[in-house]
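Notes follow the structure.
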Amino acid sequence: MAAKLLEEFTQFALKGNAIDMAVGVVVGTAFNKIVDSMVNDLVMPPLGIVIGGVDFKDLLWVLKPAVVAGGKVVTPGWRSATGSFATRSSNF
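Written as structure tokens, this is what we have:
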């Protein structure tokens, strides 16, 4: 049983499609790291300077402010992390 399973797996792995897909995954992973570094290290820092030294990851859109009474948060606010979304979208 195990020998047959190993034989079938070997036949599958030696097919051209399986090897091509494996190479594609490796290349895609490496390319993702390159694009991620390009955006985070080259594009975002100058853009942050242009808009006033703000890190895009920290940009928020407040949908509903928090209600604070007596120094305590009574009702938490609602926010949208638009900066984080923009950073991750540009990485794609």
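Here numbering that gives the first Met the number 0 is used: the first residue of the sequence shown is 0, the next is one more, and so on. Heads up, the beta-carbon is just placed ideally off N, CA and C, and yes, glycines get one too. Since the model is a prediction, treat every value here as computed from it, not as a measurement.
Nearest to G76 by alpha-carbon distance, out of A65, D54, M20, L4, is A65. For L62, no alpha helix (DSSP H) segment is defined; the enclosing uninterrupted segment is the beta strand (DSSP E) at 60-63. For K71, the enclosing beta strand (DSSP E) starts and ends at 71-74. Its Cα nearest to that of L62, the residue T81 stands out among T81, L5, S88, I18. When secondary structure is reduced to three states using DSSP, A80 falls in the coil class, being assigned neither helix nor strand.
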